[in-house]
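Presented below is the structure to which this report refers.
Residue numbers (our numbering): 373 to 520.
So this is what it looks like as structure tokens:
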């Protein structure tokens, strides 16, 4: 029993540290890309002179730590929102969008942002993983003053 409790405490401590480090890295990278808008709108802004378009994708697989898996097991038993998985999905979504942005350097805007998710591992034993795919249309506009 003592080993089980020790493993839960270690899972909590090291899981929180890893998650915090990942969130800090995400925030730094998001700040670097903040000038390029990303939207779910299906069309470019009216009057925009688009020079080129391309598909931009970003994918990430994130695993849940054992402490969160333990908490979610209790939550499934008693019912309610699995908040431990909410942060997992937030991290996956934000990381996938960042990877999508990084896949299209020089883009001026991303439109029609969509997400796809997949549960990796399914009913298998072990920590569940989630794959998040973000995809959008990357637009490059004509430079100001250039006819297009």
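Think of the CB as a built atom: it goes at the ideal place given N, C-alpha and C, for glycine as much as any other residue.
Just so it is clear, the structure is predicted and the values come from calculations on it, not from any experiment.
**Message:** So, under 8 Å CB-CB, residue 427 and residue 509 are touching, yes? Tell me the CB distance rounded to an integer number of Å.
**Reply:** 7 Å
**Message:** With H, G and I counted as helix, E and B as strand and the rest as coil, what does DSSP make of residue 391?
**Reply:** helix
**Item:** alpha helix (DSSP H) segment containing residue 445, residue limits
**Value:** 438–450
**Those residues which DSSP pairs with residue 430 across a bridge** = 506
**Rounded straight-line distance, which links the Cα of residue 464 to that of residue 430** = 10 Å
**Message:** Here's a check: name, in chain order, each residue in its chain whose Cβ is nearer than 7 Å to the Cβ of residue 478, leaving out the five neighbours to either side.
**Reply:** 512
**Message:** Which residues does DSSP list as the beta-bridge partners of residue 469?
**Reply:** Residue 469 pairs with nothing; no bridge assigned.
**Prompt:** Pick from 439, 411, 387, 455: whose alpha carbon is nearest that of residue 377?
**Reply:** 439
**Asked** Which residue from 502, 501, 471, 413 puts its Cα closest to that of residue 404?
**Response** 471
**Message:** I need the DSSP call for residue 453, collapsed to helix, strand or coil.
**Reply:** coil
**Prompt:** By Cβ distance below 7 Å, which residues in the same chain neighbour residue 423 in space, the five residues on each side in sequence not counted?
**Reply:** 512, 513, 514, 520
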